[in-house]
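Chemist:
In our numbering, the protein residues as written are 235 to 603.
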């Protein structure tokens, strides 16, 4: 059975097993949500419009453009406890207006409730393991929104300039940071400290001393403490290798408010995984507690799975010739019982199969290669 699964199906199966190992339960949701959920929280949605329609009861509905928002709305953890779920779902967005709306497949997990260092570390460790399941050699880049925001606050830039500084930080552009600050009449040690931080990239634990040295206020101190705890938890999980600090990750400030991470694998130029802590989302929905999770973008893995896209119609092409239908059916059943997929054709045709077989004069399956 394993041989007939596509690489994506195998990945989703492995991801489900990984999440189940840590007490996460499967969660299925409707393809639809009431449109008001998205209209009231547009600032939390990824780029792209929303497909709407009116249902039979006259309600304005939407094909869901985001999974996390739906889970945060529909699940409430018990007092002092947590809700842990994983999913594989489709969302519908138009990230590129020229290409129109697309169905985007995702798998991910969400932890809602009492979020501590263990919960964040567990989510990050599962994310790191998910990257290994996709392709060896992946990396998980981590930042903390509190740290970079603390450094920008110390610069003392007005709101508009601060947003431009954040954009320059996300591009790892120290020159751009200086230019924006100079235009706002700001210079000195806080600016240079921020520029030094922009260049930090590499193994998380090795860069913690540099983070501590550049820390300037309570926000950055708290972030250093949380990242240090995270490194310890990841190390205990055996998941610290391939985890890097990258302060250039600019998570959405309206969405994320703590640790943020992105995952990369060889052969794909953009992040295939993103997540982090998003307590602000629960707050916007009128709920208390914390939240951490991530999404794995399965549609971005297509280039890794070209062997499936250009692969085989079946494992075995069964050439039935003039064999009676019941003999052909018995032969096909024999092949599938052995764990292979089969395509039965009278003469072969234009089929792409790993092996060819025919039905001999005795009605038995004879493999030709």
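Just so it is clear, CB atoms sit at the ideal spot from N, CA and C, and this is done for glycine as well.
Suppose only complete runs of 4+ residues qualify. What are the alpha helix (DSSP H) ranges in the region 335-387, listed by chain order?
Modeler: The region 335-387 contains these whole alpha helix (DSSP H) runs: 351-368.
Chemist: Do you know how far the Cα of residue 369 is from the Cα of residue 506?
Modeler: Cα to Cα, residue 506 sits roughly 11 Å from residue 369.
Chemist: Just verifying my parser: in three-state terms, what is the DSSP assignment at residue 229?
Modeler: Lying before the first or after the last residue shown, residue 229 is absent from the chain, which here runs from 235 to 603.
Chemist: So, using beta-carbon positions, are residue 311 and residue 510 closer together than 8 Å?
Modeler: Contact: no.
Chemist: Between which two residues does the beta strand (DSSP E) harbouring residue 253 extend?
Modeler: Per DSSP, residue 253 belongs to no beta strand (DSSP E); it is in the alpha helix (DSSP H), 241-255.
Chemist: Three or more C-beta pairs closer than 8 Å, one from the region 489-500 and one from the region 374-391: is that the case here?
Modeler: Taking 8 Å as the limit for Cβ pairs, the verdict is that the region 374-391 does touch the region 489-500.
Chemist: Is there contact between the region 424-443 and the region 467-485, where contact requires at least three CB pairs shorter than 8 Å?
Modeler: The region 424-443, when compared against the region 467-485, does touch it at the 8 Å Cβ threshold.
Chemist: Please confirm whether residue 532 and residue 336 have their CB atoms less than 8 Å apart.
Modeler: No, they are not a contact pair.
Chemist: Under DSSP, the beta strand (DSSP E) around residue 322 begins and ends at which residues?
Modeler: From DSSP, the beta strand (DSSP E) with residue 322 extends over 316-327.
Chemist: Can you give me the start and stop residues for the beta strand (DSSP E) that residue 587 sits inside?
Modeler: That run of the beta strand (DSSP E) goes 587-593.
Chemist: Considering only residues of the same chain and omitting the five flanking positions on each side of residue 367, which have a CB-CB separation below 8 Å?
Modeler: Closer than 8 Å at the Cβ level, and outside the excluded window around residue 367, lie 245, 248, 249 and 252.
Chemist: Taking the C-alpha atoms as reference points, what is the distance between residue 358 and residue 256?
Modeler: Computed Cα separation, rounded: 12 Å.
Chemist: Just checking my contact of residue 459 with residue 374 at CB under 8 Å: how many whole Å lie between their CB atoms?
Modeler: Going by Cβ atoms, the distance from residue 459 to residue 374 rounds to 20 Å, so no, they are not a contact pair.
Chemist: Keeping to the same chain, check which residues put their C-beta closer than 7 Å to that of residue 467; ignore five residues upstream and five downstream.
Modeler: Excluding positions up to five away in sequence, the list reads 351, 352 and 355.
Chemist: Exposed or buried, which one is residue 294 when buried takes at least 16 other CB atoms within 10 Å?
Modeler: It is exposed - the Cβ of residue 294 has fewer than 16 other Cβ atoms within 10 Å.
Chemist: Would you tell me roughly how many angstroms separate the C-alpha atoms of residue 435 and residue 587, rounded to the nearest one?
Modeler: Cα to Cα, residue 435 sits roughly 47 Å from residue 587.
Chemist: Return the residue from the list 365, 535, 591 and 518 that minimises the CA-CA distance to residue 475.
Modeler: Comparing Cα-Cα distances from residue 475 to each of 365, 535, 591 and 518, the minimum goes to 365.
Chemist: At the level of alpha carbons, what is the spacing between residue 417 and residue 291?
Modeler: So the alpha carbons of these two residues sit roughly 56 Å apart.
Chemist: Please tell me whether residue 343 and residue 525 are closer than 8 Å, where the distance is taken between their beta carbons.
Modeler: No, these two residues do not count as a Cβ contact at 8 Å.
Chemist: For residue 568, which option in 448, 598, 309 and 499 has the closest C-alpha, if you only look at C-alpha atoms?
Modeler: Residue 568 has its Cα closest to that of 598, out of 448, 598, 309 and 499.
Chemist: Only counting runs of 3 or more residues, tell me where the beta strand (DSSP E) segments fall wholly within the region 377-465, in order along the chain.
Modeler: Entirely contained in the region 377-465, the beta strand (DSSP E) runs reaching 3 residues are, in chain order, 435-437.
Chemist: Terminal residues of the continuous alpha helix (DSSP H) containing residue 304?
Modeler: Counting along the chain, the alpha helix (DSSP H) containing residue 304 begins and ends at 302-308.
Chemist: Residue 602 and residue 578: beta carbons closer than 8 Å?
Modeler: No. Outside cutoff.
Chemist: Once DSSP output is grouped into helix, strand and coil, what is the label at residue 479?
Modeler: Strand at residue 479.
Chemist: Return the CA-CA distance between residue 325 and residue 400, expressed in angstroms with no decimal places.
Modeler: Residue 325 and residue 400: Cα-Cα distance of roughly 28 Å.
Chemist: By the DSSP assignment, the alpha helix (DSSP H) with residue 514 in it spans what residues?
Modeler: Unbroken alpha helix (DSSP H) run through residue 514: 513-518.
Chemist: Going by other Cβ atoms of all chains shown within 10 Å of its Cβ, with 16 needed for buried, is residue 289 buried or exposed?
Modeler: That one is exposed.
Chemist: Given that a residue counts as buried once 16 or more other Cβ atoms are within 10 Å of its Cβ, and exposed if not, what is residue 548?
Modeler: Residue 548 is buried by the Cβ-count criterion.
Chemist: With a threshold of 6 Å on Cβ separation, who are the neighbours of residue 512 within its own chain once the five nearest residues in sequence on each side are excluded?
Modeler: Correct list, in chain order: 489, 490 and 525.
Chemist: Check this for me: beta carbons of residue 515 and residue 550, under 8 Å apart or not?
Modeler: Cβ atoms of residue 515 and residue 550: not closer than 8 Å.
Chemist: Please check the pair residue 278 and residue 299, which I expect to be a contact at CB under 8 Å, by giving their CB distance rounded to whole angstroms.
Modeler: Contact flag wrong, Cβ pair sits at about 10 Å.
Chemist: How far does the alpha helix (DSSP H) with residue 272 in it reach, from first residue to last?
Modeler: First-last of the alpha helix (DSSP H) with residue 272: 269-273.
Chemist: Here's a check: name, in chain order, each residue in its chain whose Cβ is nearer than 6 Å to the Cβ of residue 408, leaving out the five neighbours to either side.
Modeler: Only 429 and 432 meet the Cβ criterion.
Chemist: For residue 258 versus residue 349, is the C-beta distance shorter than 8 Å?
Modeler: Cβ atoms of residue 258 and residue 349: not closer than 8 Å.
Chemist: If contacts are defined as beta-carbon pairs under 8 Å, then residue 414 and residue 423 qualify, I think. What distance do you get, rounded to the angstrom?
Modeler: Their Cβ separation, rounded to whole angstroms, is 17 Å, which puts residue 414 and residue 423 out of contact at 8 Å.
Chemist: Less than 8 Å between the CB atoms is what I'm expecting for residue 555 and residue 589, so what's the real figure, rounded?
Modeler: The Cβ separation is near 17 Å, so there is no contact.
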